[in-house]
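Participant: If you're matching positions, the sequence shown starts at 197 in the working numbering and goes up one per residue.
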Amino acid sequence: MTEKEKYVKICPQCGSTNIKIPPAGMDIKMTQQDYCTDCGFWGMFPEVKESKIKEFKKQIKK
Ligand SMILES: [Zn+2]
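Take a look at the structure:
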């Protein structure tokens with residue numbers, strides 16, 4: 197039996213998982229981008245397994 201691992205978007209800048217996804221359907225021409233509610237980072241967020249969040253945070257340089 198394999199357990200499903202949950203993937204979470206994580207901020208590459210501060211390691212926060214408080215990622216906001218803007219509501220879709222405003223303007224199709226505009227690219228919907230996620231943003232970090234903690235540091236305001238805006239762009240591409242990598243997805244990591246929930247169990248790897250701690251590891252990911254360790255890799256972030258302050
Ligand atoms: Zn952030």
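Just so you know, even glycine gets a beta-carbon here, dropped at the ideal spot from N, CA and C.
1) Spatial neighbours of residue 238 within its chain, please: C-beta separation below 7 Å, excluding the five flanking residues on both sides.
2) Please confirm whether residue 215 and residue 241 have their CB atoms less than 7 Å apart.
3) With the cut-off set at 7 Å, would you say residue 246 and residue 205 are in Cβ contact?
4) Per the DSSP calculation, residue 215 is bridged to which residue(s)?
5) Would you decide whether residue 211 is buried or exposed? Buried here means 16 or more other CB atoms lie within 10 Å of its CB.
Facilitator: Let me spell this out:
1) Excluding residues within five positions, the ones whose Cβ falls inside 7 Å are 229 and 231.
2) yes
3) no
4) Per DSSP, 232.
5) buried
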